[in-house]
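In short: position in the sequence shown from 1, add 83, done, that's my numbering.
Note that CB positions come from ideal geometry on N, CA and C, so glycine has one too.
Here's the structure, in C-alpha cells; my notes come after.
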Amino acid sequence: MATVAEEILGHVLEFLRAVDIARGRCASRGSNQRAAGIVAAATCVEALLLNTTDLDTMIDHACDKLRVQCQPGCVLLLHTRFRRHAAVTQDLMKALEEKGVVPKGARVVRVQTFGLLGRTAGGHMMEVEEGAGVLLVVLPEALAQVALGDSAVVQQIDSARRGSADVLATTLIFSDQSHVLENEDGEDGILPPNVFGGRSAGKIQEMKDGFGRESPSMSIAWKRCAGTTPSGRSFSAAHLQTMANGRFDPSKAGRRQSSERLVQDQRRVFDRVSGGATPGVVAVFACNGRGLNWYHDQHVEAEILGDVYGRRGQDATPPGTQPPAAIFGMFCGGELGPAVDGSSSDSDSDGGQQTSACQRESASSWKVISASATASTQDGAGSSRSPGAAVAEQPQVTVSKLQGFKTIVGVIG
C-alpha cells in the first residue's frame with residue numbers, strides 16, 4: 084500500500100505532467116482534481132454560441148465559458164452576415180488573446196454561414212437563422228487537423244478515401260469558388276461516406292495580422308486519439324447520418340417527432356457500435372430551408388440534439404466529469420453527407436435488417452477503430468489499418484454526396 088507521501092508525490096507528478104502537455108489557467112483546487120481537469124480539457128473540443136452583436140458581452144461570455152487548456156490546432160469562427168461582422172470577429176479574437184483565453188498566435192479561420200446552431204453561455208441550445216451570431220469552436224491539435232485551400236483539402240479527402248486508420252471522419256466546408264466536389268466533367272462528384280459538411284454562405288478566411296486571407300474551402304480531419312487518463316477525451320468512433328425526413332410528414336408535430344426519432348436512433352447505434360464511447364463532438368450541417376421555415380417553430384433540431392447529446396440548460400459541468408459533447412453547426416446552401424437516394428440507408432448493420440421508413444428518411448455511415456491501435460499498415464484491400472486494431476465500417480452506404488433539404492449529423496467520440 085502506498086504511503087501518504089507517495090500518494091502526494093503521485094498527485095504532484097500527475098499535475099506537473101498535465102501542465103506540461105496542456106496550456107491552462109490555474110485554479111484553487113486539489114492537484115489531483117486539477118490535473119484530471121486539465122487532461123480532460125486538453126483533449127476537449129469546445130463550442131460557444133454568441134447570439135449578440137455587443138462586443139463586450141461576447142468577450143465576457145467567452146472569457147467566462149471557454150477553458151482552452153489545449154494547444155488549439157484551430158479556432159473556428161462561424162458567423163452569420165451582420166453589420167461590421169468582420170471588425171467584430173477581429174476585435175473579439177484580439178481581446179481573447181490579450182486576456183489569455185486563447186493562446187497568442189493560434190490559427191483562426193472565419194466562415195460566413197446562412198445560420199448557426201449551438202449552445203449559448205447560459206447552456207441553452209439555439210438556432211440563429213436571422214440576425215447576428217458568432218459560433219466559436221476550439222479544435223485541439225490532438226483531435227482535429229485543419230486544412231485550407233482546395234489542394235490541401237483534396238489531400239485530406241484522398242486520405243479519407245484510402246481509409247486511413249488515423250482519421251475517423253472528415254468535415255468539409257466549401258464556398259462557391261471551390262472545385263473540390265467537381266469530377267473530371269466539371270460536375271459535382273461523389274466522396275467517401277465518411278466525409279460530411281456543407282456550402283458556406285460567403286467567404287472562408289484565415290485571420291492573421293489583422294487581415295483575412297480568403298480560401299475556397301477548408302476541411303477538418305477528426306483524428307483517432309486515445310485519452311491519457313480515464314478523464315481524458317478520446318476519439319475512436321464516428322457516426323454520420325443524413326436526415327431526409329423533411330420530405331414526408333406534413334404536420335408540425337409529426338416533423339418534430341420524426342427528427343427526434345432519427346436523432347435518438349443515431350445515438351443508440353453510436354453507443355452500440357462504439358462500445359459505449361462518450362460523444363465528444365456533434366457537428367451539424369442543415370439545409371437553410373429547414374429550421375423555422377419547415378418546423379414552424381424555433382430551435383427544434385438544436386433542442387433535440389441538446390436533449391440527446393448534452394445537458395440542455397445546465398450551466399456548469401460537475402467537478403470530475405467530462406463536459407457534454409460540443410454541439411455546433413451551420414445552415415448551408417447545400418449539405419454533404421451519406422447518400423439517401425439510390426443507396427441503402429441507415430440500418431442495423433449487424434443483421435442488415437432494414438425498414439422502408441428508414442430507407443426513405445435517412446442514410447448513415449460509421450467507423451470504429453479500437454483505442455489500442457498503433458502504427459498504420461496496409462491491409463489486403465489497400466485501406467490503411469493498424470495492427471491489432473478493430474476497424475469496422477458500415478458497408479451499406481458507399482458514397483457521400485451533395486444533397487438538398489436534409490440535415491447531416493456527425494457524431495465523433
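Beta carbon of residue i nearer than 7 Å to that of residue j
i: valine 191; j: valine 158; result: yes
i: alanine 80; j: leucine 200; result: No information on residue 80 is available, as it lies outside the stretch 84 to 496 that the chain covers here.
i: glycine 198; j: leucine 419; result: no
i: valine 482; j: isoleucine 287; result: no
i: leucine 485; j: glycine 417; result: yes
i: valine 151; j: valine 221; result: yes
i: threonine 196; j: leucine 161; result: yes
i: proline 155; j: alanine 189; result: yes
i: arginine 296; j: proline 275; result: no
i: cysteine 146; j: lysine 187; result: no
i: glycine 374; j: glutamate 213; result: no
i: leucine 132; j: aspartate 174; result: no
i: threonine 490; j: alanine 369; result: yes
i: alanine 169; j: isoleucine 142; result: no
Same chain, Cβ closer than 6 Å to residue i, neighbours up to 5 away in sequence not counted
i: lysine 450; result: Leu251, Asn277, Ala321 and Glu476
i: alanine 230; result: Val236, Gln239 and Ser302
i: alanine 304; result: Gln228, Gln239, Val250 and Thr253
i: valine 367; result: Leu200, Gly412 and Val492
i: proline 362; result: Tyr392, Ala408, Val494 and Gly496
i: aspartate 332; result: Arg338 and Ser341
i: valine 356; result: Trp449 and Val451
i: arginine 108; result: Annotation note: pLDDT 49 at arginine 108 (below 50); position unreliable, no value reported.
i: lysine 335; result: His379
i: phenylalanine 353; result: His322 and Val494
i: aspartate 271; result: Leu264 and Leu485
Environment of residue i [buried if 16+ CB atoms lie within 10 Å]
i: glutamate 265; result: exposed
i: alanine 215; result: buried
i: arginine 351; result: exposed
i: asparagine 371; result: buried
i: glycine 358; result: exposed
i: asparagine 134; result: buried
i: glycine 293; result: exposed
i: lysine 291; result: exposed
i: serine 432; result: Note that serine 432 scores 36 on pLDDT, short of 50, meaning its location in the model is unreliable and no value can be drawn from it.
Same chain, Cβ closer than 8 Å to residue i, neighbours up to 5 away in sequence not counted
i: aspartate 233; result: Ser261, His262, Val263, Pro299 and Ser300
i: isoleucine 387; result: Arg339, Ser342, Glu343 and Val346
i: threonine 140; result: Leu133
i: methionine 176; result: Val158, Leu160, Val185, Val191 and Met290
Cβ separation of residue i and residue j, assumed to be a contact under 8 Å, to the nearest whole Å
i: alanine 327; j: glutamate 444; result: 6 Å
i: glycine 285; j: arginine 164; result: 7 Å
i: glycine 496; j: methionine 208; result: Rounded, the Cβ-Cβ distance is 18 Å, inconsistent with contact.
i: serine 319; j: isoleucine 452; result: 5 Å
i: glutamate 129; j: leucine 149; result: 6 Å
i: serine 83; j: serine 242; result: It is not possible to answer for residue 83, since the shown part of the chain is limited to 84 through 496.
Residue-level contact to chain C via CB, residue i, 7 Å cutoff
i: glutamine 340; result: The structure shown has no chain C; it contains just one protein chain.
Residues near residue i in its chain [Cβ-Cβ closer than 7 Å; skip 5 each side]
i: alanine 360; result: Ser319, Ala320 and Gly496
i: cysteine 308; result: Thr126, Ala225, Leu226, Ser317 and Phe318
i: threonine 172; result: Leu160, His162, Arg193 and Val217
i: histidine 382; result: Met208, Met209 and Glu210
Inset, instruction - For the region 292 to 365, list the alpha helix (DSSP H) runs that are entirely contained and at least 4 residues long, ordered along the chain. - result: 335 to 356
Legend entry - Whole alpha helix (DSSP H) elements within the region 148 to 210, 4-residue minimum: 168 to 181
Inset, instruction - Would you mind listing the beta strand (DSSP E) stretches within the region 362 to 388 that are 3+ residues and don't spill past its ends, in chain order? - result: 364 to 370
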